[in-house]
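By this note's numbering, the letter at position 231 of the sequence shown is numbered 235, and the numbering carries on one by one without gaps. We treat Cβ as the ideally placed atom computed from N, Cα and C, and that holds for glycine. What follows is a set of notes on a single structure, which appears directly below.
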Amino acid sequence: MKFLLGTALALGTTVVAVISDVKSPQTAASSGVTSVADYGAIPNDGQDDTAAIRRALAASAGSPQRTLSFPGGRFHVSSLTLRRDVSVHLPNGTLLEVAENAVLQINSPFRAGLYQVFSGPGDVHFGAGSVGEVYPQWWGASAANSDSSPAINRAINSAPDLPGINIRLSGVFQCQSRIHVNRHRVKLVGDGMYATQLTFNPATPETLFEFSHADKSVLAQCAIRDIGLVGAGQYEDRNRVQKVGIKIVDADILEVRNIAIHNWGGNQSIGLQVQGRELVFVENITVLADLPILIDKNPGLDWISIDHSTFRNTYLLPMDPHGASVQIASGVALHNVVFDGTNAWVGGKYGLYWEDTATQGVSMNLSVKNVRMENGTAHGGAMIHIAHNYNLMNLVLENIYGCGGGVGGIFLRKCTSATLQNIFYTPVQGNAPEGYIPTALDIDESSTNVVLINAFWNGGLIKTGKLIKTFGTNSNPYRYNNRLIETYDRPDNGQGEGLVLYGTKTWCYNGVLADGANLALPVGAHAKTKVATVTVAASGPGQTNAAAQFMIGGESEVLQVSGTELTSNTPAEGRLCLVPGPQVQLQNRLGTDVDVVVTLFWR
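Here is the structure:
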């Protein structure tokens with residue numbers, strides 16, 4: 005029972021003045037603090053305290069320094085707005101239980117520690133300027149809670165009317181269900197990738213953090229950083245529930261920085277799954293998972309799945325010995341993606357793996373730099389394995405080092421304009437079968453314009469298919485397959501000028517010229533050639549040898565400067581002939597197939 009100051013009670017003939025232990029409104033007002041208990045709010049009585057809190061707010065009107073105070077206990081609240089001119093502090097032990105379908109709108113400066121202050125099915129919404137950061141502990145998240153995900157979700161959804169919200173994840177949490185970022189400009193920030201830790205133990209396949217809009221629209225300008233994720237269970241248990249650490253779906257400008265994902269194994273669990281859209285920035289991440297990074301198709305688009313995105317400073321450890329550190333899914337249309345910084349990819353059968361059988365258009369501008377892949381225990385595979393379904397244009401592989409247990413080097417199919425620079429590959433036998441020889445470089449005629457600069461293959465097979473080397477230099481010892489500069493192109497690809505030396509164009513050819521066949525040179529009247537010199541040599545069975553030097557003048561005139569008797573500058577049977585025309589042609593009329601070498605210099 006509450007008594008008012010100065011109430012007199014008659015006990016027999018004695019008058020006793022009883023003073024309540026609760027301050028009067030006047031006393032509270034003089035201290036700048038308004039207690040809701042002074043206006044009828046009673047904790048733990050199961051009754052709605054909204055009206056009493058409104059009376060306390062009315063009493064505090066007119067003073068910007070007023071603080072609304074709640075004693076300990078549970079207060080029941082229906083829809084209520086706390087004004088901007090009143091500060092609210094909820095001490096440990098105070099709980100505001102918001103009724104179903106009600107909204108507690110907090111526009112006032114708000115303060116509480118890392119303990120629960122909200123409960124009930126209703127919503128709590130913060131207004132502009134009320135808080136700088138929101139803590140999931142306010143809804144009950146804690147190390148003692150078996151599933152803190154619902155509390156974290158309530159924190160994420162606590163500012164629907166603001167442009168964005170900062171969620172501070174401080175401490176250790178247990179999670180069993182999904183944390184869904186479903187609005188723009190949510191920033192989830194921890195105290196450090198090893199200081200803030202979320203242990204995930206779902207009962208069925210699930211994602212811990214998902215960034216996506218429920219209406220399938222683009223999600224913009226979100227971030228997650230300075231957090232550690234740990235999969236529950238034993239590292240050796242491959243039958244654990246499949247899980248995804250961070251899943252990004254159709255996002256625009258999203259940052260993943262300073263993230264550690266550990267022990268993320270079981271049924272091909274994924275550390276980071278990116279499903280578009282653009283400007284995804286991943287930096288300073290450590291991922292120990294069955295599949296550390298998966299770049300997947302964007303379910304919201306039929307075309308470009310990922311564009312203008314960067315992965316920097318990655319430490320990736322695939323738990324699947326036959327898996328990859330980075331996998332690009334079949335059907336992904338990729339544009340402008342960069343792996344840069346410093347990247348350690350340890351274990352697995354592949355570094356980057358892209359086996360595409362579904363894309364129906366060109367992908368372009370993939371750059372992979374500064375990678376060291378090592379300690380693979382499965383033989384086969386490759387540091388970089390790219391087999392595109394249609395065509396990947398402008399591929400850059402730079403400063404890549406590999407020494408794995410039988411893992412191969414570079415495998416490319418259907419790549420146009422690929423530059424391999426500063427590649428160092430040295431195979432290690434590991435547990436590969438006896439006599440197994442890894443493949444250092446495997447490219448073929450499905451690719452074109454492949455350039456090698458300072459590529460060092462310290463062992464392993466070199467496979468180039470039907471590609472022709474249009475230019476190449478090597479350093480000693482040659483047996484180590486050093487490629488200082490080397491370029492490859494498809495055969496019969498309409499090759500024009502090769503090296504240009506001080507303005508002089510060059511062209512070379514070597515191969516078999518069948519009996520009766522013609523070889524067109526890239527000079528003549530059609531090419532408006534001013535002057536050229538041609539050297540031809542041919543050799544075939546039965547001591548069929550022919551060689552000559554020719555000059556080509558204006559209007560495609562061909563003059564023979566010197567040569568053996570089996571050469572001619574006009575068509576003739578039994579001769580190797582260089583004849584004029586719109587394109588000068590070398591004609592084999594020797595009566596047998598011959599090996600030929602042609603060199604051409606022209607202006």
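Going along the chain, which residues of its own chain have a beta-carbon closer than 7 angstroms to the beta-carbon of residue i, five neighbours each way excluded?
i: residue 218; result: 186
i: residue 210; result: 181, 182, 247
i: residue 308; result: 337, 339
i: residue 601; result: 514, 541
i: residue 591; result: 522, 575, 581, 583
i: residue 125; result: 104
i: residue 450; result: 417, 418
Taking only three categories from DSSP, how would you classify residue i?
i: residue 30; result: Below a pLDDT of 50, predicted positions are generally treated as unreliable, and residue 30, at 44, falls in that range; the measurement from the model is reported next regardless. The answer is helix: DSSP assigns residue 30 an H, G or I state.
i: residue 61; result: helix
i: residue 400; result: strand
i: residue 141; result: helix
i: residue 593; result: coil
i: residue 476; result: strand
i: residue 73; result: strand
i: residue 567; result: strand
i: residue 463; result: coil
i: residue 520; result: coil
i: residue 116; result: strand
i: residue 574; result: coil
i: residue 468; result: coil
i: residue 361; result: coil
i: residue 560; result: helix
i: residue 81; result: strand
i: residue 630; result: Given a span of 5 to 607 for the chain in the structure shown, any question on residue 630 remains unanswerable.
i: residue 504; result: strand
i: residue 381; result: coil
i: residue 391; result: strand
i: residue 56; result: helix
i: residue 450; result: coil
Check for me: the alpha helix (DSSP H) holding residue i runs from which residue to which?
i: residue 153; result: 153 to 160
So residue i and residue j are in contact, right, with Cβ under 8 angstroms, and what is the actual spacing, rounded?
i: residue 396; j: residue 418; result: 6 angstroms
i: residue 300; j: residue 268; result: Not quite, the Cβ-Cβ distance comes to about 16 angstroms (not below 8 angstroms), so this is no contact.
i: residue 194; j: residue 203; result: That belief does not hold up - the Cβ atoms of residue 194 and residue 203 are roughly 14 angstroms apart, past 8 angstroms.
i: residue 145; j: residue 177; result: 6 angstroms
i: residue 245; j: residue 270; result: 6 angstroms
i: residue 383; j: residue 440; result: 6 angstroms
i: residue 635; j: residue 407; result: A question about residue 635 goes unanswered here, because the residues of the chain that appear run from 5 up to 607.
i: residue 425; j: residue 466; result: That belief does not hold up - the Cβ atoms of residue 425 and residue 466 are roughly 17 angstroms apart, past 8 angstroms.
i: residue 560; j: residue 603; result: Contact flag wrong, Cβ pair sits at about 19 angstroms.
i: residue 445; j: residue 414; result: 5 angstroms
Among residues of its own chain, excluding the 5 on either side of residue i, which ones have a beta-carbon nearer than 6 angstroms to its beta-carbon?
i: residue 291; result: 265, 275, 320
i: residue 368; result: 339, 397, 398
i: residue 33; result: In this prediction, residue 33 scores a pLDDT of 45, lower than 50, which makes its location untrustworthy; the coordinate-derived value is nonetheless stated afterwards. Excluding residues within five positions, none has a Cβ falling inside 6 angstroms.
i: residue 123; result: 99, 101
i: residue 220; result: 304
i: residue 64; result: 38, 70, 90
i: residue 298; result: 274, 277, 331
i: residue 526; result: 500, 511
i: residue 44; result: 56
i: residue 53; result: 45, 79, 80
i: residue 282; result: 256, 311, 312
i: residue 469; result: 448, 449
i: residue 342; result: 314, 371
Quick check on the DSSP output: the beta strand (DSSP E) that includes residue i runs from which residue to which?
i: residue 149; result: Segment: none, residue 149 is in no beta strand (DSSP E) and carries neither H nor E.
i: residue 45; result: Looking at the DSSP string, residue 45 is not in any beta strand (DSSP E), and its letter there is neither H nor E.
i: residue 525; result: That residue, residue 525, is in no beta strand (DSSP E); it is neither H nor E in DSSP.
i: residue 99; result: 98 to 102
i: residue 429; result: 411 to 429
i: residue 274; result: 274 to 293
i: residue 105; result: Taken as a continuous stretch (DSSP letters only), residue 105 belongs to no beta strand (DSSP E), as it is neither H nor E.
i: residue 367; result: 366 to 378
i: residue 256; result: 247 to 268
i: residue 91; result: 90 to 94
i: residue 231; result: 223 to 235
i: residue 617; result: What is shown of the chain runs 5 to 607, which leaves residue 617 out entirely.
i: residue 444; result: 443 to 446
i: residue 599; result: 598 to 606
Using C-beta distances below 8 angstroms, list every residue in its chain close to residue i, excluding the 5 sequence neighbours before and after it, in chain order.
i: residue 594; result: 519, 542, 544, 548, 550, 570, 578, 579, 580
i: residue 136; result: 170
i: residue 242; result: 269, 270, 271
i: residue 596; result: 519, 544, 545, 546, 548
Item to check | Complete runs of the beta strand (DSSP E) confined to the segment 166 to 219 [at least 3 residues] | outcome: 169 to 173, 176 to 179, 183 to 185, 190 to 194, 201 to 204, 210 to 215
Checklist entry - Enumerated in chain order, which unbroken segments of the alpha helix (DSSP H) with a length of 4 residues or greater are wholly contained in the segment 296 to 355? => result none
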